[in-house]
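Chemist: Add 86 to a position in the sequence shown, counting from 1, and you land on the number used in this note's numbering.
Using N, Cα and C, we set each Cβ at its ideal position, and we do this for glycine too.
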Amino acid sequence: MKYDIPVYEPTLTGNEQKYVMDCVQSGWISGRGSYVQAFEEQFSAYTGVGKATTVSNGTVALHLALMALGIGPGDEVIVPTFTYIAPVNAIVYCGATPVFVDSREDTWQVDAEDIRRRITPKTKAIIAVHLYGHPCEMDDLVAIAKEHRLFLLEDCAEAFGTLYKGKHVGQFGDISTFSFYGNKTITTGEGGMVVTNDETLYQRSLHLKGQGLAKYREYWHDVVGYNYRMTNICGAIGLAQLERADEFITRKRQIASIYAEMLNGTGFTPHHEVGDVFHSYWMCSVLTPQVHQRDKVRDFLKQNGIETRPTFYPVHTMPMYSQKYERHAIAENIAMRGINLPSYPGLTDEQVVRVATALKEGLEHIDVMNAVKKFSLLQTTPVVKKQEYKTVSPDAKNITA
Ligand SMILES: Cc1ncc(COP(=O)(O)O)c(C=O)c1O
């Protein structure tokens with residue numbers, strides 16, 4: 087279905103075309119080249135993390151980061167159940183076990199108290215997933231990791247440009263990852279980045295992403311490695327996107343504030359900044375007042391040409407991760423009430439107003455439909471008097487109900 091207002095679309099109107107043409111004309115189109123290098127250097131400067139290495143997507147970035155940390159069979163890794171699936175799968179790719187934790191009601195991010203409850207002697211790492219552009223409570227997570235001598239991995243796929251207490255996410259963990267999928271704040275089509283301040287973790291990441299090639303001899307591989315490289319073409323797009331990152335984030339925050347203002351007092355709860363944080367609003371998301379309203383509101387928007395997405399399903403409820411019965415009440419509730427709204431920087435104010443208006447009308451429409459349903463039930467329900475009911479013979483021919 088073609089929507090008038092899609093949930094996301096990339097803005098590729100800067101130097102993307104020029105830089106890509108340069109790759110094509112120069113013949114530097116594979117995993118080496120000046121654009122990959124420039125993108126890595128400027129990404130590291132932008133996020134304030136010492137070392138950055140590009141990869142082919144955000145999922146392999148997570149796999150690479152976990153492998154660099156040495157996570158393997160027998161290890162447990164703590165991860166929020168309310169997340170996109172990739173960090174959970176990456177734990178399993180390493181042969182380790184994901185241990186799910188619940189979320190906080192205010193920020194929707196991982197609940198530090200629940201993390202504490204789930205630490206065992208097998209726990210090796212915590213993955214902090216900064217969901218939808220809001221950061222996790224990093225002071226708590228850093229303290230827990232320190233206290234229990236655990237690795238901390240930040241999954242910043244959805245949080246490029248997000249700040250916690252004035253510092254970019256990605257700076258707090260031992261190692262951190264980003265995604266540049268087409269719907270991300272900056273994109274390379276498919277792509278990702280691993281960043282770290284630790285030279286050993288950086289060198290291990292480079293080694294594993296490049297087929298485990300030894301430094302001292304050509305075609306000599308001393309570990310089982312992977313080809314997780316990014317192409318120079320993607321690097322070229324990434325560099326052009328990075329040049330406009332501040333502009334994209336400023337616009338996304340304006341969009342979020344129009345939604346918030348228009349939805350004030352309507353019953354919707356917009357995802358918003360909690361504490362000393364800077365939300366980059368990868369997605370502008372709202373909660374419907376009640377669970378049953380979510381899909382009806384989404385349907386109403388769809389009928390009006392507006393695309394939305396549901397918030398993620400908690401991973402512990404998915405077939406391959408639900409062998410053990412678990413409840414994570416807050417994550418489950420947010421997951422069932424959440425809607426991601428159109429959130430790309432190219433949206434005009436008029437389009438944002440149209441989405442917010444449709445949301446309000448959608449909720450009113452549900453109320454009206456419920457009232458109509460109640461009223462027509464009252465009108466059509468036959469009133470059977472107790473006395474009459476008693477006299478109906480069990481084998482009467484005219485019973486239709
Ligand atoms: C939180 C999170 N982690 C990881 C990923 C995986 O990134 P990719 O799609 O680039 O593999 C995503 C993707 O959208 C994500 O939202």
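Could you check whether Gly351 and Pro96 sit closer than 8 Å to each other, using their CB atoms as the reference points?
Modeler: no
Chemist: Say yes only if the C-beta of Ala172 is nearer than 7 Å to one or more non-hydrogen atoms of ligand 1, and no if none qualify.
Modeler: yes
Chemist: Is it right to say Pro356 is buried, meaning 16 or more other beta carbons lie within 10 angstroms of its own, or is it exposed?
Modeler: buried
Chemist: Quick check on the burial criterion: 16 or more other C-beta atoms within 10 angstroms. Buried or exposed for Tyr302?
Modeler: exposed
Chemist: State whether the segment 143-159 contacts the segment 287-301, with contact taken as three or more CB pairs (one from each stretch) at a distance under 8 Å.
Modeler: Counting Cβ pairs under 8 Å, three or more are found: they touch.
Chemist: Please find out if some non-hydrogen atom of ligand 1 comes closer than 7 Å to the beta-carbon of Asp192.
Modeler: no
Chemist: Sorted by chain position, which residues of the same chain lie with C-beta nearer than 7 Å to Gly275's C-beta, five sequence neighbours on each side aside?
Modeler: Gly268, Cys320 and Ile323
Chemist: Look up Glu474 in the DSSP assignment and say whether it is helix, strand or coil.
Modeler: Note on Glu474: pLDDT 49, under 50, position unreliable in the model; the coordinate value appears next. Glu474: helix per DSSP, three-state reduction.
Chemist: Let me know if Lys104 comes out buried or exposed under the rule of 16 or more other beta-carbons within 10 Å of its beta-carbon.
Modeler: By the Cβ-count criterion, Lys104 is exposed, with fewer than 16 other Cβ atoms from all chains shown falling within 10 Å of its own Cβ.
Chemist: From Gln123 to Ile212, what does the alpha carbon distance come to, in whole angstroms?
Modeler: 30 Å
Chemist: Could you give the C-beta distance for Gly298 and Asp284, rounded to a whole number, given that I count them as a contact under 8 Å?
Modeler: At roughly 19 Å, the Cβ-Cβ gap does not stay under 8 Å, so Gly298 and Asp284 are not in contact.
Chemist: Using the DSSP secondary-structure output, state which residues sit across from His307 in a beta bridge.
Modeler: Leu299
Chemist: Could you spell out where the alpha helix (DSSP H) holding Ser265 opens and where it closes?
Modeler: From DSSP, Ser265 is part of no alpha helix (DSSP H) but of the beta strand (DSSP E) over Ile261 to Ser265.
Chemist: Mapping the DSSP letters down to three states, classify Ser189 as helix, strand or coil.
Modeler: strand
Chemist: Quick check: Arg384 and Ile425, are their CB atoms within less than 8 Å of each other?
Modeler: yes
Chemist: Quick one, which of Glu347, Ala342 and Trp368 has its alpha-carbon nearest Ala331's?
Modeler: Trp368
Chemist: Taking 7 Å as the cut-off, is the CB of Gly144 close to at least one heavy atom of ligand 1?
Modeler: yes
Chemist: Do the segment 248-268 and the segment 182-189 make contact, defined as three or more Cβ pairs closer than 8 Å?
Modeler: no
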